[in-house]
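Contents: one structure, followed by commentary.
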Amino acid sequence: MFYVYSPYGQVFSGTLEQLRTTQALTPITKVRTVNTVATGLDAGNPDVASGETPTPARHALQAYAPGGRQPLTVVGDVMQRPSHVVSHTATVRDAWQILKNHRIGQAPVVDANGTLVGLVSRAELMPPQWLAPTVDSMTTWQAMLTQRVEQVMWSPVPSAHIDTDLRRVASLLLETGLPGLPVTDQNGQVIGFVSRSDLLRALATDPPLDLWS
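Under numbering that gives the first Met the number 0, the first residue of the sequence shown is numbered 0, with each subsequent residue one higher.
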């Protein structure tokens, strides 16, 4: 099951096949591509830069170690939890600090009720036009850094349910260019994040990620 959320609430709920026939993801699939700017940084994966499997992922994967061998098949098997989130009213400066403190490349954006409304990445917080030679005024930089996240975030944004088949998540990531998806409940509350790195890490773990059965 997949959902799509915007500042106006849930705009889609259904299967991957149904999602493909809607216009809900047009802003993402046709206009934007998420880029994790800092090499080795991933949403919800503070240990990636060191080459270590993130602690929550290690615990999840150890549950499937020899003696209790089961293939990893759904989002809940590999996702990172909890997911670090950014408030939609936070400033760009605040969002930068959150990503820096947690060593992540992007994070779900939530409203005052904790409901998913968007996604913000380092790319949105430092777009190319900000680096133009003409942008050299301290006043201009201050104005940029005090923008609210809701002014620069991606929205609408897709999310996955914890029981979603990992093969379908992988398909959606390939189709949209996203590096990962927020994981939400049916009410849009963020409970985790699943990234491409999580899928690859699980694929290389024994027992393996079951993408082909």
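Glycine included, each C-beta is placed from N, C-alpha and C at the ideal position.
In the DSSP assignment, what are the bridge partners of residue i?
i	result
residue 201	None, per the DSSP bridge assignment.
residue 70	Paired residues: none, contrary to the question.
residue 180	193
residue 115	109
residue 153	118
Tell me where the beta strand (DSSP E) around residue i begins and ends.
i	result
residue 8	8–13
residue 105	105–109
residue 156	156–159
Would you give the residue range spanned by the alpha helix (DSSP H) that residue i belongs to?
i	result
residue 172	165–175
residue 148	Unbroken run through residue 148: none, as it is neither H nor E.
residue 91	91–101
Mapping the DSSP letters down to three states, classify residue i as helix, strand or coil.
i	result
residue 196	helix
residue 75	helix
residue 188	strand
residue 122	helix
Go ahead and label residue i buried or exposed: buried means 16 or more other beta carbons lie within 10 angstroms of its beta carbon, across all protein chains shown.
i	result
residue 191	buried
residue 181	buried
residue 140	exposed
residue 171	buried
residue 121	buried
Just to confirm my understanding: we take residue i, look at its own chain, exclude 5 residues before and 5 after, and list those with CB closer than 6 Å. What are they?
i	result
residue 3	10, 11, 23, 155 and 157
residue 110	87 and 116
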